[in-house]
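For the sequence shown, the positions run 101 to 318 when this note's numbering is used. Note that beta-carbon positions come from the ideal geometry of N, C-alpha and C, so glycine has one too. Notes for the one structure printed next.
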Amino acid sequence: MKCSKCKSESIIQLTNNKIHLCKSHFFRYFEAKVIKTIRTRKLIEKGDRVLCEVRNTLASIKILKQYVDWNVITLEVIYSGKGSQKQVADYCKANKIILTNNKVKKKKKQEFTKMALEQNLDDECRDILVSQFSDKINPGNFGPTAGKIIKPFCLMLKDEVNLYSKLRKFNLKHSPQKQNKLQKATSKMLNEIEKKYPGTKFGIINYFKKITLLLRKG
Ligand SMILES: [Zn+2]
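Structural data, given as structure tokens:
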């Protein structure tokens, strides 16, 4: 298959619009979409002190570093995964970013105005469904921001984040977040349905957005 933009060899077909992209156009798509989420949803404001939690990929540092270069934010990184300490430390050193000790005290965390997480669209879908299954819905916890928490990848599929990280050599030793039984079962079910009916995850997110808008209006 050829890239829909430049006719080079395609490496991915996007789920939401069936477009094929080559490596360099996939990088552009990925970075532009994340930056658009940050901009339109006001994830970052001038003067923010951002703590970026890194678990499985260096991708969020790469994106947020641009805001440091543009003199918009200050940035520190905290690594909460296991087994890639050196890789994270080397990357931060090369990019002149402070790597904060992961035993950062609660008081120190309060000094930051934003905390960036790796939460992706798959995680959001799972959490939305789990909250419905267990009748504990709290719309404030979903979407790109929740208090100090910001989720630059919340509109990117897990597969897209993984592919981007793999191609940029940003992958870290896999450190999955702990999931309870219901979360695990929901993720499994979601992946099975997505496989049979591609676009389901986008459908859940879009439906949820509409519902929360209606609730706010109501
Ligand atoms: Zn291309």
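Check, Outcome
"Measuring from each Cβ to the nearest heavy atom of ligand 1, keep the ones under 5 Å and list them in chain order.", "C103, K105, C106, S108, C122 and H125"
"Based on the DSSP secondary-structure assignment, which residues constitute the bridge partners of A159?", "DSSP output for A159 lists no bridge partner at all."
"Say whether the region 251–259 touches the region 126–141, bearing in mind that this needs 3 or more beta-carbon pairs closer than 8 Å, one atom from each stretch.", "yes"
"Do you know offhand how far R128's Cα is from K105's?", "11 Å"
"Determine the direct distance from the alpha carbon of S180 to that of N202, and round the result to whole angstroms.", "7 Å"
"Determine the closest residue to T140 out of G183, K107 and P244, with distance taken between C-alpha atoms.", "P244"
"I'd like to confirm the pairing. Which residues does DSSP put opposite K214 in its beta bridges?", "V150"
"State the start and end residues of the unbroken alpha helix (DSSP H) segment that holds E294.", "K281 to K296"
"With DSSP collapsed to three states, give me the class of E145.", "coil"
"Express the C-alpha separation of L151 and V204 in angstroms, rounding to a whole number.", "11 Å"
"Alpha carbon to alpha carbon, how far is F233 from L290?", "13 Å"
"What separation, rounded to the nearest whole angstrom, lies between the Cα atoms of A216 and K248?", "8 Å"
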